[in-house]
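Heads up, the sequence shown is in our numbering, so the first residue is -8 and it goes up one at a time. Below is one structure, written out as structure tokens; the observations come after it.
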Amino acid sequence: MEFVKPELEYVELLPLLIVLGGACVGVAIEAFVPRGLRRLPQIVLAALVVVGALVTTVLVGANLEEHTGAAGATGRGLVGAMGSIVVDGPTIYLWALILVFALGGVALFAEQRLEGGVSAFTGQAAALPGTEGEREASTRGLDHTEVYPLLLFAVGGMLMFPASGDLLTMFVALEILSLPLYLLCGLARRRRLLSQEAAMKYFLLGAFASGFFLYGAALVYGYAGSVTFAGINEAVRAGADNHVLLLAGIGLLAVGLLFKVGAAPFQAWTPDVYQGAPTAVTAFMAAGTKVAAFGALLRLMYVAFGGERWSWQPMLWVIAIASMVLGAVLAIVQSDVKRMLAYSSVAHTGFLLVGVLGVQSAGELAEGQYTSLEGVLFYLTTYGFAMIGAFAIVTLVRDAGGEATAYDRWAGLGRTSPLVAGAFAFFLLSMAGIPLTAGFIGKWAVFTSAMSAGAWPVVLVAIACSIVAITFYVRHIRLMFFTDPHPDGAGTVTRSSLLTSGTIVVCLVATLTLGILPGPVLDLVTSAGDFIR
């Protein structure tokens, strides 16, 4: 056989290369720069890398060319890296969204004023909690600046995940984004045992999910004789033999992806990890991972298994309903803000899966209707801003033990800090889908796309669960504004630096703007077009 030299489209892949290259430079800084001098270079490097990747993403998106696939389907983009990476309109939009959220993550990671001059990350991860080594690290004000290259590696995996053109690349991307997050979740400065427990649970369950994904990839390869999405699609439409292999492969691949999005019954890690991880990590993970994982799920189901949708749609019907019901019901009984937001995230995963069920091309819809892809992309935008803003506010409410996440510490907060409580209430109203907020437009987009595809029973359940969800959102607003403070003392709002307050303001403005003037972003989502293969 003749050796074929691999070719890479460096210009189109530049955002991905910038992020991964910046992460490697961050590792070099950790190796060669003295510990006391690393923080500022790492923060500047991470911010410049994310901004540079965002600028190049916009430039690449503005210069995408028309692409004609093997089946004659057309679209804007290219299939690069020898078929491993697909850069098309949805990829560009997802990349830009992930990088915007990553910039918020860098800002929250760099916050030090809230902890009295140190970050929220432990000073010595190798020291056992409660030991002399940990106390010495805390006294000396040590800080783990490795979190910035870890964040960049996670961002690199998030960029690669929804852009994958074959199952092996998708698996590699899954591991690149997951492994840094496992480490970051266990590096909390306070409540270290809870943080380490969260990291261990996330790692063990994530390892099982990765195993399911890899086994599913092997079964699909056995069915299609190819791991590329285009090759799998051809085999599915040709009706290859061993249909059982295909169905088993789809099910196992779905387990791996549904774990990452936190869908029921694979959501067990979500409340523990959201509660135990440093809140800055939770904010970044809640937004970025959801965007990347749903992008990968959409590409896999629509591009590779689009011709077999009658087989996987019933499965997603059940999972969407289970996620919405379980998330909405369990969020009601929570007494911790972070756990409430975690179960809220599970419910939102169900709402997003409702949008995934509306799989139709633009040609099958009436004028003015949005495709499922467009609805899900817009919902991810609204959801990400609301979650980052909400968790950023959680970092501000503190007591003597650090962050005050128990409900009783939030009682009466609207009287002592009306601006902070009002901002948090607005984010909660957006998650509830109240009109004039971004969440309302996002739910409208995914529900209408599902209705147009005939999934009206799931939409009815989604509407019912949205009504139920209003209960725990409004209950928390009532707690802040109409409840007397706890006798032992309520949590107080600690003054943060511009890094955290600026992140909250940006998320607040984005949530308000997307609720009142969603047109420009909806037009941008529509112009992204469909996936190419």
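Glycine residues also receive a C-beta, built at the ideal position from the N, C-alpha and C atoms.
Checklist entry - Around the Cβ of Trp260, are there at least 16 other Cβ atoms within 10 angstroms (buried) or fewer (exposed)? => result Residue numbering aside, residue 260 sits at position 269 when the sequence shown is read from its first letter. Label assigned to Trp260: buried.
Checklist entry - When DSSP labels each residue in this structure, what does Ser155 get in the three-state scheme? => result Here residue 155 corresponds to residue number 164 of the sequence shown, with the count starting at 1. Looking at Ser155 - three-state DSSP - the assignment turns out to be strand.
Checklist entry - What distance in whole Å lies between the Cβ atoms of Pro81 and Leu368, which are believed to be in contact at a cut-off of 8 Å? => result For the purposes of this step, residue 368 is taken as residue 377 along the sequence shown, with counting starting at 1. For the purposes of this step, residue 81 is taken as residue 90 along the sequence shown, with counting starting at 1. Going by Cβ atoms, the distance from Leu368 to Pro81 rounds to 7 Å, so yes, they are a contact pair.
Checklist entry - In the structure shown, what three-state DSSP assignment does Ala179 receive? => result Counting from one through the sequence shown, the residue named residue 179 turns up at place 188. Look at Ala179 here: in three-state DSSP terms it is strand.
Checklist entry - Among residues of its own chain, excluding the 5 on either side of Thr114, which ones have a beta-carbon nearer than 8 Å to its beta-carbon? => result Translated into the one-based positions of the sequence shown, residue 114 becomes position 123. Note that residue 114 corresponds to Gly in the displayed sequence, not to Thr. The answer, listed in chain order, is Glu125, Ala128, Ser129, Arg131, Gly132, Leu133, Asp134, His135 and Arg180.
Checklist entry - Start and end of the alpha helix (DSSP H) containing Ile523? => result What you label residue 523 is simply residue 532 of the sequence shown in a count that begins at 1. No alpha helix (DSSP H) holds Ile523; DSSP gives it neither H nor E.
Checklist entry - Hey, how far is the Cα of Thr270 from the Cα of Gly413? => result Here residue 270 corresponds to residue number 279 of the sequence shown, with the count starting at 1. Here residue 413 corresponds to residue number 422 of the sequence shown, with the count starting at 1. The alpha-carbon atoms of Thr270 and Gly413 are separated by roughly 20 Å.
Checklist entry - For the 8 Å Cβ check, are there 3 or more pairs between the segment 264 to 278 and the segment 370 to 390? => result yes
Checklist entry - Under 8 Å between the Cβ atoms of Leu142 and Pro171? => result Within the sequence shown, the letter at position 151 stands for residue 142. Within the sequence shown, the letter at position 180 stands for residue 171. It is a contact, given that the beta carbons lie within the stated cut-off.
Checklist entry - Between Ser487 and Arg30, what straight-line distance do the alpha-carbon atoms span, to the nearest angstrom? => result For this step, residue 487 is matched to residue 496 along the sequence shown. For this step, residue 30 is matched to residue 39 along the sequence shown. Cα-Cα distance, rounded: 18 Å.
Item to check | Reference Pro140, options Ala446, Ala154, Ile167 and Gly298, closest by Cα | outcome: Along the sequence shown, one-based indexing puts residue 140 at 149. Ranked by how close their Cα comes to the Cα of Pro140, the residues Ala446, Ala154, Ile167 and Gly298 have Ile167 in first place.
Item to check | N-terminal and C-terminal residue of the beta strand (DSSP E) that Val235 is part of | outcome: One-based indexing of the sequence shown puts residue 235 at position 244. Run containing Val235: none in the beta strand (DSSP E); it sits in the alpha helix (DSSP H), His234 to Val252.
Next on the checklist: Looking at Tyr398: is its Cβ nearer than 8 Å to the Cβ of Ser336?
Outcome noted: Taking the first residue of the sequence shown as position 1, residue 398 is located at position 407. Taking the first residue of the sequence shown as position 1, residue 336 is located at position 345. No, the pair does not count as a contact, with Cβ atoms beyond the cut-off.
Item to check | Sequence-distant residues of the same chain with beta carbon closer than 6 Å to Lys32, five excluded per side | outcome: The residue you call residue 32 lines up with position 41 of the sequence shown. The sequence shown places Pro at residue 32, not Lys. Answer for Pro32: Ile20, listed in chain order.
Checklist entry - With a cut-off of 8 Å, do at least 3 Cβ pairs link the segment 300 to 319 to the segment 229 to 245? => result yes
Next on the checklist: If you measure between the beta carbons of Val484 and Ser408, is that distance less than 8 Å?
Outcome noted: Numbered from its first residue, the sequence shown carries residue 484 at position 493. Numbered from its first residue, the sequence shown carries residue 408 at position 417. Between Val484 and Ser408, the C-beta spacing is below 8 Å.
Item to check | Cβ shell of Glu188 (< 8 Å), same chain only, five flanking positions each side left out | outcome: In the sequence shown, residue 188 corresponds to position 197, counting from 1. Excluding residues within five positions, the ones whose Cβ falls inside 8 Å are Asp263 and Gly267.
Checklist entry - What does Val79 pair with, by DSSP beta-bridge criteria? => result In the sequence shown, residue 79 corresponds to position 88, counting from 1. One detail in the question is off: residue 79 reads as Asp in this sequence, not Val. Looking at the DSSP assignment, Asp79 forms a beta bridge with Gly68.
Checklist entry - Does DSSP put Gly393 in a helix, in a strand, or in coil? => result Counting from 1 along the sequence shown, the entry for residue 393 is found at position 402. DSSP places Gly393 in strand when its eight states are reduced to three.
Next on the checklist: How far does the alpha helix (DSSP H) with Ala287 in it extend, from its first residue to its last?
Outcome noted: Counted from its first residue, the sequence shown places residue 287 at position 296. Thr270 to Arg290 is the span of the alpha helix (DSSP H), which, as asked, contains Ala287.
Item to check | Buried or exposed by the 16-neighbour rule on C-beta atoms within 10 Å, applied to Asn224 | outcome: The residue given as residue 224 occupies position 233 in the sequence shown. Buried.
Next on the checklist: In whole angstroms, give me the CA-to-CA distance for Leu(-1) and Leu69.
Outcome noted: For this step, residue -1 is matched to residue 8 along the sequence shown. For this step, residue 69 is matched to residue 78 along the sequence shown. Cα to Cα, the separation comes out at about 11 Å.
Checklist entry - Taking the C-alpha atoms as reference points, what is the distance between Asp514 and Gly366? => result What you label residue 514 is simply residue 523 of the sequence shown in a count that begins at 1. What you label residue 366 is simply residue 375 of the sequence shown in a count that begins at 1. Asp514 and Gly366: Cα-Cα distance of roughly 11 Å.
Checklist entry - Does the distance from the CB of Phe207 to the CB of Gly520 come in under 8 Å? => result Here the question's residue 207 lines up with position 216 in the sequence shown. Here the question's residue 520 lines up with position 529 in the sequence shown. In the sequence under discussion, the amino acid at residue 207 is Gly, which differs from the Phe named in the question. No, these two residues do not count as a Cβ contact at 8 Å.
Checklist entry - Thinking C-alpha only, which one of Arg104, Gly52, Ala311 and Gly71 is nearest Leu85? => result Looking up residue 85 in the sequence shown gives position 94. Considering only alpha carbons, the answer is Gly52.
Item to check | Distance CB(Val388)-CB(Leu404) smaller than 8 Å | outcome: One-based indexing of the sequence shown puts residue 388 at position 397. One-based indexing of the sequence shown puts residue 404 at position 413. Yes; because the gap between Cβ atoms is below 8 Å, this pair is in contact.
Item to check | Continuous alpha helix (DSSP H) stretch holding Arg300: start and end | outcome: Here residue 300 refers to the residue found at position 309 of the sequence shown. Looking at the DSSP string, the run of the alpha helix (DSSP H) that includes Arg300 is Arg300 to Ile323.
Checklist entry - Would you call Lys(-4) buried or exposed, if buried means 16 or more other Cβ atoms sit within 10 Å of its Cβ? => result Here residue -4 refers to the residue found at position 5 when the sequence shown is read from its first residue. That one is exposed.
Checklist entry - Hey, Leu175 and Val272 are a contact pair by Cβ (cut 8 Å); roughly how many whole angstroms apart? => result As a working note, residue 175 is residue 184 in the sequence shown. As a working note, residue 272 is residue 281 in the sequence shown. That pair is a contact at about 5 Å.
Next on the checklist: With distance defined between alpha-carbon atoms, name the residue in Gly43, Ala87 and Ser110 nearest to Ala98.
Outcome noted: Taking the sequence shown and counting its residues from 1, one reaches residue 98 at position 107. Nearest C-alpha to Ala98: Ser110.
Next on the checklist: Considering only DSSP beta bridges, list what Glu102 is partnered with.
Outcome noted: Your numbering for residue 102 matches position 111 in the sequence shown. Answer by DSSP bridge pairing: none, since Glu102 is not bridged.
Item to check | Proximity below 8 Å, CB of Tyr265 to CB of Leu332 | outcome: The count along the sequence shown starts at 1 and reaches residue 265 at position 274. The count along the sequence shown starts at 1 and reaches residue 332 at position 341. A contact, by the Cβ cut-off of 8 Å.
Next on the checklist: Judging by CA-CA distance, which residue of Gly230, Gly43, Phe376 and Leu185 is the nearest neighbour of Leu499?
Outcome noted: Position 508 of the sequence shown, counted from the first residue, corresponds to residue 499. Ranking the options by Cα distance to Leu499, first place goes to Phe376.
Checklist entry - Hey, how far is the Cα of Gly445 from the Cα of Val77? => result Against the sequence shown, residue 445 aligns to sequence position 454. Against the sequence shown, residue 77 aligns to sequence position 86. Whole-angstrom Cα-Cα distance: 30 Å.
Item to check | Among Tyr212, Ala245, Thr219 and Phe220, nearest to Asp232 - alpha-carbon criterion | outcome: Along the sequence shown, one-based indexing puts residue 232 at 241. Comparing Cα positions, the closest option is Tyr212.
Item to check | From Ala116, Leu289 and Gly71, residue whose alpha carbon lies closest to that of Leu178 | outcome: Counted from its first residue, the sequence shown places residue 178 at position 187. Per the Cα distances, Ala116.
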